[in-house]
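Asks:
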Amino acid sequence: MGRISYIFNYDTGVFRRVTQDHTGRTLESKTFAPGEVNVSPSQEEIGEAFEMVRSDPEFARILDQTGGQLAGGFSLVEKAGLPCGPGSRCVHVQINTTDGWGIVRWAVADLSKRSLAYRSYRPEMSQGGGK
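For the sequence shown, the working numbering begins at 210 and goes up steadily by one.
(1) By Cβ distance below 7 Å, which residues in the same chain neighbour G276 in space, the five residues on each side in sequence not counted?
(2) Taking the CB atoms as reference points, tell me whether V317 and H301 lie closer together than 7 Å.
(3) Is the Cβ-Cβ distance between G162 and Q303 less than 7 Å?
(4) Quick one: using the 10 Å Cβ neighbour count with 16 as the cut-off for buried, is S251 buried or exposed?
(5) Where does S251 fall in DSSP's three states?
(6) Nearest CA to the CA of L325: which residue from Q336, G296, V262 and G311?
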């Protein structure tokens, strides 16, 4: 059995796919242009996005006042010209109610820029709607 890994370069905004055999020898390495492929965020990336929200003073206050829980962890890839366009590495983070049935706030963290791309996200924003 072999192994396929995707590695994201935060500086250049590109993914590289590395295929290895069962001994770890590289069989193929292919680089994709920004926005050409989308790979689900790793657990480490999700943790980093959650920490960006937890450490933000406004979101920390919301979490403290509501007892909210963080959820999400899926990627956002938008068209060129939008905050999460090609070359970015954006991860959805929702602050949910304590019972998990409602969204208190929906943010998107850009791991490439180490900033919050959206502090109060709505899906229509990905079609170029208001920020």
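In this text, a Cβ means the ideal position worked out from N, Cα and C, and glycines have one as well.
Computed from a prediction, not measured in an experiment: that's the story for all the values here.
Replies: In this structure, then:
(1) T307
(2) yes
(3) No statement about residue 162 is possible, as the shown extent of the chain runs from 210 to 340 and does not include it.
(4) exposed
(5) coil
(6) V262
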